[in-house]
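A.B. asks:
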Amino acid sequence: MSTHKIAIIRGDGIGPEVIEASLAVLDAAESAFGFSTERMEVEAGAKHYLRTSELWTPELELRLRGQDAILFGAMGDPAVPPGILERGFILEMRRTFQQAVNLRPVKLYPGVKTPISGLTPERCDMVIVRENTEGAYVGRGSTVHAGTPYAVAVQESVNTRVGVERVVDFSFRLAQSRRRKLTLCHKTNILVEAGRLWQETVNDLSTRYPDVELDYVHVDAMCFHLPLSPERFDVVVTDNLFGDIITDLGAVIQGGLGVASSANLNLDGSAPSMFEAIHGSAPDIAGRGWANPIGSILSTAMMLAHLGEGEAALAVEAAAVHVLSQLPAPSGAGMGRSTSELGLEIAALLGVSGSVPPVPGRSIMGELAGMRELGGLGLR
Ligand code: IPM
Ligand code: MG
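Residue numbers (our numbering): 464 to 843.
Put into structure tokens, the structure is as follows:
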């Protein structure tokens, strides 16, 4: 029986609630599919920071590096000024562990309400690959004459050939296991230096993947095409900041932030990958059982696929999607059950074979598991 070492970071706000629900599903997946996990709880987040002034530390890095994966809830609290935890912990983890790819599927599952009228699940099934360690997120820049009418703020965006190439290469390989179409999303007409590096990298690598069709869309036009013609997109590769923005839009289209999942993938096996829902800590609804845990549960499923438990990953996805299709509202009191009840409901479906229909269309779970087998996913 294989055992996977997993670090659990519950964090703040609704983080602990969605993680609790995800762990209920993980327990059920373990007994249904015959594997086990060794779980290491890590205290981090706003409360921990206010008590200890600690964010990302070398000791924590060492403890986490030995793990096979990290399951992450959410971080942030009104008591901590904005940016401290985000930059001091989340971005530090992504950078230190070289989680180069932030994989964010945008799939409208059957039965889910979308604000885009007339949109059907067949038309919305893509994966956004967000570069996760560079761009405007490197935290470089400076301000002079701060607080005066002559203040000058410079914020740099760093793009390296190595950094761009690894996400573009990953995106081509992912496209090969899907509809064989790759769209670069950037702003090459204005951000000409970075834009040239991205476009050249895509062009250069495309000779290795002649079976993948190429497309290009400016990021502003993307905000127009994504809701209105999502069928145009299969795999979209983009830089860190554009990816942050368009994946929130993607989340809305697929039924809200409660549903959207993500995988922060280390591609070279030097450190663990991290799995988290796209939503934040939502302190306004914390502690009420109003958070939808399905984004976190689908992230847990991606973690399973990444760990080589492909069958379990597919089953978790199918069970979560089945329950999701029955929710009267995407989150809040209107869901008709609490966060933990939803977790238990999904968990209960796992032991019973044939209890839920398979997810229609493509599944990122199978694709991740397949890429792992091909050796391209930083095996640990
Ligand atoms: C996300 C979030 C993060 C980001 C924050 C919390 C650092 O918005 O994962 O999309 O900007 O990447
Ligand atoms: Mg974001």
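We treat Cβ as the ideally placed atom computed from N, Cα and C, and that holds for glycine.
For a test of the three-state rule: what should DSSP assign to A616, helix, strand or coil?
C.D. replies: Taking the first residue of the sequence shown as position 1, residue 616 is located at position 153. Strand at A616.
A.B. asks: According to DSSP, is A609 helix, strand or coil?
C.D. replies: Working through the sequence shown from its first residue, we reach residue 609 at position 146. Note: A609 maps to coil in three-state DSSP.
A.B. asks: Taking only runs of the beta strand (DSSP E) that begin and end inside the region 509-596, which ones reach a length of at least 3 residues, in chain order?
C.D. replies: Listed in chain order, the complete beta strand (DSSP E) runs (minimum 3 residues) inside the region 509-596 are 532-537, 564-570, 588-594.
A.B. asks: Between G475 and ligand 2, is there a pair consisting of the residue's CB and a ligand heavy atom that are separated by less than 7 Å?
C.D. replies: The sequence position of residue 475 within the sequence shown is 12, counting from 1. At residue 475 the sequence reads Asp, which differs from the Gly that was named. D475: no, Cβ never under 7 Å from ligand 2.
A.B. asks: Our contact map puts R825 next to P693 with C-beta atoms below 8 Å; I'd like the distance itself, whole angstroms only.
C.D. replies: As a working note, residue 825 is residue 362 in the sequence shown. As a working note, residue 693 is residue 230 in the sequence shown. Rounded, the Cβ-Cβ distance is 14 Å, inconsistent with contact.
A.B. asks: From I547 to S816, what does the alpha carbon distance come to, in whole angstroms?
C.D. replies: Locating residue 547 in the sequence shown gives position 84, where the first residue counts as 1. Locating residue 816 in the sequence shown gives position 353, where the first residue counts as 1. Between I547 and S816, the C-alpha separation is close to 45 Å.
A.B. asks: Any chance you could list the residues with Cβ under 6 Å from a heavy atom of ligand 2, keeping chain order?
C.D. replies: In chain order, the qualifying residues are D707, D711.
A.B. asks: So, are the CB atoms of F633 and V592 less than 8 Å apart?
C.D. replies: One-based indexing of the sequence shown puts residue 633 at position 170. One-based indexing of the sequence shown puts residue 592 at position 129. Cβ atoms of F633 and V592: closer than 8 Å.
A.B. asks: Looking only at its own chain, which residues have a Cβ that is under 7 Å from the Cβ of H511, when we skip the five neighbours before and after it?
C.D. replies: The count along the sequence shown starts at 1 and reaches residue 511 at position 48. Closer than 7 Å at Cβ, skipping near neighbours: E517.
A.B. asks: Write down the C-beta distance between V822 and A776 rounded to the nearest angstrom, noting that I regard them as a contact closer than 8 Å.
C.D. replies: Position 359 of the sequence shown, counting from 1, holds the residue named residue 822. Position 313 of the sequence shown, counting from 1, holds the residue named residue 776. Contact flag wrong, Cβ pair sits at about 11 Å.
A.B. asks: With H785 as the anchor, note down where its alpha helix (DSSP H) starts and where it stops.
C.D. replies: Taking the sequence shown and counting its residues from 1, one reaches residue 785 at position 322. Unbroken alpha helix (DSSP H) run through H785: 773-787.
A.B. asks: Where V627 and E663 are concerned, what is the direct C-alpha to C-alpha distance, given to the nearest angstrom?
C.D. replies: Here the question's residue 627 lines up with position 164 in the sequence shown. Here the question's residue 663 lines up with position 200 in the sequence shown. Their Cα atoms are separated by approximately 10 Å.
A.B. asks: Given a threshold of 16 other Cβ atoms within 10 Å of its Cβ, counted over all protein chains shown, does V615 qualify as buried or as exposed?
C.D. replies: Start at 1 with the first residue of the sequence shown, and residue 615 comes out as number 152. It is exposed - the Cβ of V615 has fewer than 16 other Cβ atoms within 10 Å.
A.B. asks: What span of residues does the alpha helix (DSSP H) with F738 cover, start to end?
C.D. replies: Here the question's residue 738 lines up with position 275 in the sequence shown. Note, F738: premise wrong, no alpha helix (DSSP H); beta strand (DSSP E) at 736-740.
A.B. asks: So, using beta-carbon positions, are H785 and P756 closer together than 8 Å?
C.D. replies: In the sequence shown, counting from the first residue as 1, residue 785 sits at position 322. In the sequence shown, counting from the first residue as 1, residue 756 sits at position 293. No. Outside cutoff.
A.B. asks: With a threshold of 16 other CB atoms inside 10 Å of the CB of M464, please say whether the residue is buried or exposed.
C.D. replies: To locate residue 464, count along the sequence shown from 1; it is residue 1. The residue in question, M464, is exposed, as its Cβ has fewer than 16 Cβ neighbours within 10 Å.
A.B. asks: Taking the alpha carbon of A792 as the reference point, which residue from V505, P584, K576 has its own alpha carbon closest?
C.D. replies: On the sequence shown, position 329 is the one that residue 792 refers to. Cα-wise, what sits closest to A792 is K576.
A.B. asks: Between which two residues does the alpha helix (DSSP H) harbouring V481 extend?
C.D. replies: Residue mapping note: residue 481 aligns to position 18 of the sequence shown, counting from 1. Unbroken alpha helix (DSSP H) run through V481: 478-496.
A.B. asks: Applying the 10 Å Cβ sphere with the 16-neighbour rule, what's the burial state of V680?
C.D. replies: Here residue 680 corresponds to residue number 217 of the sequence shown, with the count starting at 1. Buried.
A.B. asks: Can you tell me whether G719 is buried or exposed? The criterion is at least 16 other CB atoms within 10 Å of its CB, across all chains shown.
C.D. replies: What you label residue 719 is simply residue 256 of the sequence shown in a count that begins at 1. Buried is the call here.
A.B. asks: Mind the definition here: the region 763-776 touches the region 484-503 only if three or more C-beta pairs lie below 8 Å; say whether that holds.
C.D. replies: The region 763-776, when compared against the region 484-503, does touch it at the 8 Å Cβ threshold.
A.B. asks: With distances taken from CA atoms, which of L647, E676, W661, P673 is nearest A684?
C.D. replies: Indexing the sequence shown from 1 puts residue 684 at position 221. Checked all of L647, E676, W661, P673; the closest Cα to A684 is L647.
A.B. asks: Quick one: grab the DSSP three-state call for S465.
C.D. replies: Numbered from 1 along the sequence shown, position 2 holds the residue referred to as residue 465. Correct three-state label for S465: coil.
A.B. asks: Quick one: using the 10 Å Cβ neighbour count with 16 as the cut-off for buried, is S499 buried or exposed?
C.D. replies: Within the sequence shown, the letter at position 36 stands for residue 499. Burial call: exposed.
A.B. asks: Check for me: the beta strand (DSSP E) holding K501 runs from which residue to which?
C.D. replies: Along the sequence shown, one-based indexing puts residue 501 at 38. Checking the sequence shown, residue 501 turns out to be Glu, not Lys. Residues 499-505.
A.B. asks: When we look at the beta-carbon of P521 and count the other beta-carbons within 10 Å, is it buried (16 or more) or exposed?
C.D. replies: The sequence position of residue 521 within the sequence shown is 58, counting from 1. Exposed.
A.B. asks: Whose CA, out of L730, V621, A609, lies closest to the CA of L704?
C.D. replies: What you label residue 704 is simply residue 241 of the sequence shown in a count that begins at 1. Of the candidates L730, V621, A609, the one whose C-alpha sits nearest the C-alpha of L704 is V621.
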